[in-house]
Amino acid sequence: MVKALFLAICLTSSLSAQQADWCKKLPRPAYSKLERLPTADPWFEVYKVRPGIFAIYEPHQLEEVISYLILGNDKALLFDTGMGISNIQAVVAGLTRLPVSVLNSHTHNDHVGDNWRFDDVYGMDTDFTRANARGSREDAQAELAPDELCGALPAGFDAKAYAVKPFHITHWLHDGDKIELGGRTLKVIGTPGHTPDEIALLDEKNGLLFTGDSFYLGPIYLYRPETDLDAYVASMQKLAALAPRLQLLLPSHNTPVADPGYLSKVVVAIQQVRRGQVKPVTKDGKHEYVFEGFSFLMR
């Protein structure tokens, strides 16, 4: 009994040490400048970024995923549904009574976890999207490793059963398509690279660009088998051309606000990396190319 107790204490201490490496940077300073709204679910934090724009943040998992609820006069769009570890639909219901459609920045597991809860789901017309809509388990399970979590999982959460459930896409989209919410128009900008179905979402009237995983402050993942670096460079050049017309970037990880000036910096940085002008550091068996405010994590 004493030995078992000792082992339990050691394990708890070990997990705390693992968590501390990234948990200690939380809360990120950017959140102190945003209006935080109450939510009954402690897995999420909700922030008002702009009128009719809510960032739904998951700070208890390493990905620090951010989904966005975007309101129009007639309907709302949920840009990503997060990890699916807790119920984002219930959070959304507490923020609006408008009918809600879902659109994903791309279909990696950490962005589509609760798609299955919604009846109206937009998707990019790609084979990658269709394959991921069938659901998956392996990537989801990897998100629950002890060093990936910060704090407790939601009460009643079944870790062994955790997987991305299949979801049905009701509308297929292409680059340049527009979604009308009533008083707010969102333009779909195809930005393949990180994945074949990666998009950004432009609210031109309000100068807002939702960048998905093409850009965020932190290590940008460019090491997956589906990543296409040539496509990524072209996509970032496309987004950088929009920067003069933008007021704010809204990325899908870590912090929900960033300066549009970063877009041109990313273009220069990735070109330097590809020309061999930047030396990487080793991180988790990968190569990290570090710049001010962001980095690229590559094979």
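Using our numbering, count along the sequence shown one by one with no gaps and you end on 299. We put the CB at the ideal spot given by N, CA and C, even for glycine. None of the values given here were measured: they were computed from a predicted structure.
- Q61 carries a strand assignment under DSSP once its states are collapsed to helix, strand and coil.
- In this structure, R117 is the residue among L71, F79, R117 with its C-alpha nearest to the C-alpha of A90.
- In the structure shown, D203 falls within a strand segment according to DSSP collapsed to helix, strand and coil.
- Excluding five sequence positions before and after P260, the CB atoms of its chain that fall closer than 6 Å to its own CB belong to A243, L246, L249, given in chain order.
- 8 Å or more divides the Cβ of T81 from the Cβ of T107.
- Taking all protein chains shown into account, D110 has 16 or more neighbouring C-beta atoms within 10 Å of its C-beta and is therefore buried.
- Scanning E64, D41, D21 for the CA closest to the CA of Y31 turns up E64.
- For the 8 Å CB-CB criterion, T39 and G94 form a contact.
- Counting along the chain, M236 sits inside the alpha helix (DSSP H) bounded by residues 229-240.
- Of the residues assessed, F79 falls on the buried side of the cut-off, its CB having 16 or more other CB atoms within 10 angstroms.
- With three or more CB-CB distances shorter than 8 Å, the region 117-126 counts as touching the region 163-177.
- T195 counts as buried, since no fewer than 16 other beta carbons sit within 10 angstroms of its beta carbon.
- Ranked by how close their Cα comes to the Cα of G193, the residues G285, A133, L239 have L239 in first place.
- Note that the C-beta distance between R184 and I70 is below 8 Å.
- When rounded, the separation of the alpha-carbon atoms in S264 and A231 is 16 Å.
- Scanning W22, E58, E35 for the CA closest to the CA of Y47 turns up E35.
- Cβ neighbours of P280 within its own chain (closer than 7 Å, five residues either side excluded): H287, E288, Y289.
- V49 and P256 have their C-alpha atoms spaced approximately 8 Å apart.
- As a beta-bridge residue in DSSP terms, R36 pairs with Y47.
- For the region 72-104, the continuous beta strand (DSSP E) assignments of 3+ residues that do not extend past its boundaries occur at 76-79, 100-103, in sequence order.
- Listed in chain order, the alpha helix (DSSP H) elements of length 4 or more contained wholly in the region 111-180 are 127-132, 138-142.
- DSSP places K187 within a strand segment (E or B) once states are collapsed to three.
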